[in-house]
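Mapping the sequence shown onto UniProt numbering, position 567 (from 1) lands on 567, and the numbers just tick up by one.
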Amino acid sequence: MASPQQPYTDEPSNPEDGQYAQDGTYQQEQRAPAGAAAKKKRGYAGQAYEFGAGPNAALGGQPAGGAGYPGSSTPAAGNYGFPGQQSAPQQPSYGMPQQSQYGDPNIQGQPVQPAYGQPQYGAPQGGYEPPQAAYPAQGQQPGVQGMTQQFQQMNVANQPQGAPAQQMRLNPLQPIDISPQGQGFHVTELDQPPPPIVLPPNSSVTPSPHANCPPKYVRSTLNAMPTTASLLKKSKLPFALIIQPYATLHDSEDDVPVQYDQVIARCRRCRTYMNPFASFLDHSHRWRCNMCNLTNDVPQSFDWDSVKQQPVDRWQRPELNYAVSEFVAPQEYMVRAPQPLIYLFLLDVSYAGVTSGLLATAARCILESLDRIPNTDRRTRLGFMAVDNSLHYFSIPRDGGESNDARMLVVSDLDEPFLPTPEDLLVNLTECRANIETFLGKLQGMFAQTQNSSSAMGSALRAGHKLISHVGGKICVLSASLPNAGYGKLEMREDKKLLGTSKESSLLQTQSAFYKSFAVECSKTQVSIDMFLFSAQYQDVASLSNLPRYTGGQTYFYPAWNAARTEDAIKFATEFSDYLSAEIGLEAVLRVRTTTGLRPSAFYGNFFNRSSDLCAFPSMPRDQAYVVEIAIDETITKAYACLQVGVLHTTCNGERRIRVLTLSIPTTQNLAEVYSSADQQAITAYYSHKAVERALSSGLDAARDAIQSKMVELLQTYKKELGGGNMGGGGLQFPANLRALPMLFLGLMKNIPTDLRSAALCLLSTLPLPLLIQYIYPRLYSLHDMPDDAGLPNAETGAITMPPALNLTSGNLVPYGLYLIDDGQTQFMWLGRDAVPALINDVFGVEDKNQLKQGKTSMPVLESEMNERVRAIVEKSRDHRGKGCGSIILPPLYLIREDGEPSLRLWAQTLLVEDRADQGVSGAQFLGMLREKVLS
1 MASPQQPYTD EPSNPEDGQY AQDGTYQQEQ RAPAGAAAKK KRGYAGQAYE
51 FGAGPNAALG GQPAGGAGYP GSSTPAAGNY GFPGQQSAPQ QPSYGMPQQS
101 QYGDPNIQGQ PVQPAYGQPQ YGAPQGGYEP PQAAYPAQGQ QPGVQGMTQQ
151 FQQMNVANQP QGAPAQQMRL NPLQPIDISP QGQGFHVTEL DQPPPPIVLP
201 PNSSVTPSPH ANCPPKYVRS TLNAMPTTAS LLKKSKLPFA LIIQPYATLH
251 DSEDDVPVQY DQVIARCRRC RTYMNPFASF LDHSHRWRCN MCNLTNDVPQ
301 SFDWDSVKQQ PVDRWQRPEL NYAVSEFVAP QEYMVRAPQP LIYLFLLDVS
351 YAGVTSGLLA TAARCILESL DRIPNTDRRT RLGFMAVDNS LHYFSIPRDG
401 GESNDARMLV VSDLDEPFLP TPEDLLVNLT ECRANIETFL GKLQGMFAQT
451 QNSSSAMGSA LRAGHKLISH VGGKICVLSA SLPNAGYGKL EMREDKKLLG
501 TSKESSLLQT QSAFYKSFAV ECSKTQVSID MFLFSAQYQD VASLSNLPRY
551 TGGQTYFYPA WNAARTEDAI KFATEFSDYL SAEIGLEAVL RVRTTTGLRP
601 SAFYGNFFNR SSDLCAFPSM PRDQAYVVEI AIDETITKAY ACLQVGVLHT
651 TCNGERRIRV LTLSIPTTQN LAEVYSSADQ QAITAYYSHK AVERALSSGL
701 DAARDAIQSK MVELLQTYKK ELGGGNMGGG GLQFPANLRA LPMLFLGLMK
751 NIPTDLRSAA LCLLSTLPLP LLIQYIYPRL YSLHDMPDDA GLPNAETGAI
801 TMPPALNLTS GNLVPYGLYL IDDGQTQFMW LGRDAVPALI NDVFGVEDKN
851 QLKQGKTSMP VLESEMNERV RAIVEKSRDH RGKGCGSIIL PPLYLIREDG
901 EPSLRLWAQT LLVEDRADQG VSGAQFLGML REKVLS
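Below you can see the structure in the form of structure tokens.
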């Protein structure tokens, strides 16, 4: 057997994701089982047998996930095949040596992989280490093909003259059989870090372990990039960066170092910021730009601390040690004084907005969150407008004046709305705090009796823009009805008959040109728009979501929301309060600079692309990711290429700052190394943006076909260029590091109804990568038989231990089980039809499952240990910070009974990506279909 693979990073392994033992079983501490808990767990299954739990009870079909249950002779071995082949060892295909696999937990001596998303800032990455011994050459075929493959990896053939000699070995190619009969995908692979970036020794100017950008902030689809455009084209792989400039909602949780001395060294020619990959010459008086090679003078005050008036050690400066750092910008980076934080709330006071409880909940939530709105510099201003078939402005006086009551000024002219008074419509939060509180307390009562069902939201947006465009700011729209009067009036156009037909794409496109042209106008004046949509009927998310799309905002969708349902009210209030507290960046621009010969060629995400490479954000949210595609224009002759993301922005408290993220990637002329260093999750994120673009232009079917064709093309290319012969026995060959790609693509292809689809497209084009992957391939946990330490805090870190995740197939659901399915936006608690009363009582506090409320619910708080552990797991599964990203989303929890409400059950089953949903294909069928196309 090949010697074990090198670990991907030097981080300690992540205690939260459990550890797989060398034989693949879930490793728990070797301690006496927590008596009662262990007995209870076996009891839930045992009782299911005593009560004669239906025909499937004797079948089992339970993959590793804890102790086995009585009556099953199979040991709970960590086998990742399909259910029903538990103890059969995985046979290698005929003539193929057994080899250790990327991410295969069944390897002797395989080091535990740390989960991605938990690293302490900047996991130690290659860069300044002494040259590593070459990786063991794994996965090589015997015979002639093996020789060719070895020559390909050594790159003996076709080395062009004058190219840099390959000094180092990059990640070795590990071909495996990804068909269901072979070494199929298991969900734990999604917790692994991307293939490591192997840089030449001493690439960075300091030996800092943080010199290269951690994947939390920037991930490349290729961690070894081709030196030429022709090789990239030949690979059929995309070359793009997935950029998430912020990993938290608040500065206090952010560990990026900040340089306050306002000394910023930049290249004169390409304007690259000084970074760990620059180099110094002439006794360190000059530095060479690592992008364009120009020699620049080092700024005079680079080694001087102007505050303490003493020399500083240059090698301690953050920009030379950290790939992600932030500078406080001097005066020349400002066109005008830094803008204050401004929130203008547009509240829907139509009949739907009032009767659903939206107006009351929103007013109360703003009132209770006034202390959370960033206001350190005391310049934050708020404005309020209410909308039905007229526009209602509110003039709020300063505290301590003659009158403390807000005045309502009504404007009925929707075509040319004017500002009824020049002042007091946008008020300073500090100076008017008491009167704002009084106004919010009375707001609900002003419209309580309304019968007006009109909404002139388009006209209100134009009026709001007029009100704040001289400074810029955020317009926050809370609406429960379709805009049906004034500007941007929309029609009810949902037609169930069009779903799944060629005309469906028309429902995903905007109905009115107003929404895009108005959004672009807003972007120019630094106005950003966020939409909170709550309608019980069709609301045309497709049209309204254009406003956030071009202004750096976001669309939050709450279908059929009603404040009378406690869960609905809590979800919105929690999310809205976090939204108001987020320390967003203002008047921001993002630019990507690259090594000479590379060029950013396409941009995806919520912003306006102002020029060829400048992305404009009136406000920079802290919970979104962006994709930038990179083109290779000239042959790259360096051993590694650098890409730098710069975000110039104003903080909420009026400071102009630049966040700089620098990523270096080794170059190669060898296709095998390009494939072995490809990052399957980043590739999926890139294609989710491409799929959204395709769905909006040509419809969902076209988008699905494009994704499937891409998967076939990649498999065919791999077979043709690197396949090294037939797998035999009907296998499907692909590199181990891309094993999850077919299932991720299949998850991307599965679908949902019109408004929900448009909302889903908004998520697919904005979610940070860890949340995007979970949305495409949700998490499934088995709770009735979880290991004894699951749901309890880890002794060392205090973080809740999660049960092992299972693949998304109904073969993993037993009839007496209890499961959690979580896609990051919604959680489902699945209760099997034969679950025993003891389990139901321990978790929910009632013995008869018919007494349980199906649908949206919250977990009862009981004294039982099982209830506490299940609640801890539900809570931990919602933890965004643990995944390395910010988000305001609080996923609602739905209780699904297997023998209960069919529509709920079908909804939950659509998350089982590897099953056959209606008109869909199962994971095994999909792989079979891919194989036929590749071999044909």
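Built from N, CA and C at the ideal position, the CB exists for glycine as well.
The Cβ atoms of E629 and G597 do not sit closer than 9 angstroms to each other.
Per DSSP, the continuous alpha helix (DSSP H) segment holding E673 begins and ends at L671 to S676. Excluding its 5 nearest sequence neighbours in each direction, R704 has C-beta neighbours in its own chain below 7 angstroms: M749, listed in chain order. Every alpha helix (DSSP H) stretch that sits fully inside the stretch 266-328 and reaches 4 residues is listed by chain position as 318-321. In the three-state reduction of the DSSP assignment, F439 falls in the helix class, which pools H, G and I. Shortest Cα-Cα distance from T684 to any of V198, V205 and T221 involves T221. With a threshold of 16 other beta carbon atoms within 10 Å, T801 meets it and is buried. Between the C-alpha atoms of Q174 and P735 there is a straight-line separation of about 5 angstroms. Judged by DSSP secondary structure, L930 falls within the alpha helix (DSSP H) whose first and last residues are G923 to L935. C432 carries a coil assignment under DSSP once its states are collapsed to helix, strand and coil. Secondary structure remark: continuous beta strand (DSSP E) runs of at least 3 residues inside the stretch 696-742, in chain order: 733-735. Within a 10 Å sphere around the beta-carbon of K489 sit 16 or more other beta-carbons, which makes this residue buried. Under the DSSP definition of a beta bridge, N609 partners with C615. Where R364 is concerned, there is no enclosing beta strand (DSSP E), although the alpha helix (DSSP H) around it starts and stops at L358 to S369. Our two residues, L359 and Y777, have alpha carbons roughly 36 angstroms apart in a direct line. By the 16-neighbour rule on beta-carbons within 10 angstroms, S936 is exposed. Taking the Cα positions, L320 is about 13 angstroms away from S284.
DSSP places Y777 outside any beta strand (DSSP E), giving it a letter other than H or E. As the crow flies, the alpha-carbon of I176 is around 42 angstroms from that of F557.
For C522, the enclosing alpha helix (DSSP H) starts and ends at F514 to K524. Measuring C-alpha to C-alpha distances from P559 to each of K856, N296, D191 and G923 identifies K856 as the nearest.
Here T450 has V349, S350, Y351, V354 and D388 as same chain residues with Cβ atoms under 8 angstroms from its own Cβ, once five neighbours each way along the sequence are excluded. The alpha carbon of R336 has as its nearest neighbour, out of G472, E416 and S459, the alpha carbon of G472.
In this structure, the straight-line span from the alpha carbon of I840 to that of L852 is close to 9 angstroms. Here G182 has G731 as same chain residues with Cβ atoms under 6 angstroms from its own Cβ, once five neighbours each way along the sequence are excluded.
In the DSSP assignment, V870 falls within the alpha helix (DSSP H) that extends over E865 to S877. Using a C-beta cut-off of 8 angstroms, the stretch 230-248 makes contact with the stretch 712-719, since at least three inter-stretch Cβ pairs fall below that distance. Each of T430, E875 and A625 was checked against the Cα of L792, and the nearest Cα belongs to E875. For D530, the beta-bridge partners assigned by DSSP are C476. Of the candidates S453, C615, T667 and R398, T667 places its Cα closest to the Cα of N171. Taking each of T525, D530, V520 and S517 in turn and checking the Cα distance to C476, the smallest one comes out for D530. T430 and R378 have their C-alpha atoms roughly 6 angstroms apart.
Judged by DSSP in its simplified three-state form, H470 adopts coil rather than helix or strand.
Here the alpha carbon of V934 sits roughly 6 angstroms from the alpha carbon of V712.
Closest in alpha carbon position to T421, among C432, A434 and R407, is R407.
Apart from sequence neighbours up to five positions away, the residues of its chain that approach F532 with a beta-carbon distance below 6 angstroms are L478 and Y556, ordered along the chain.
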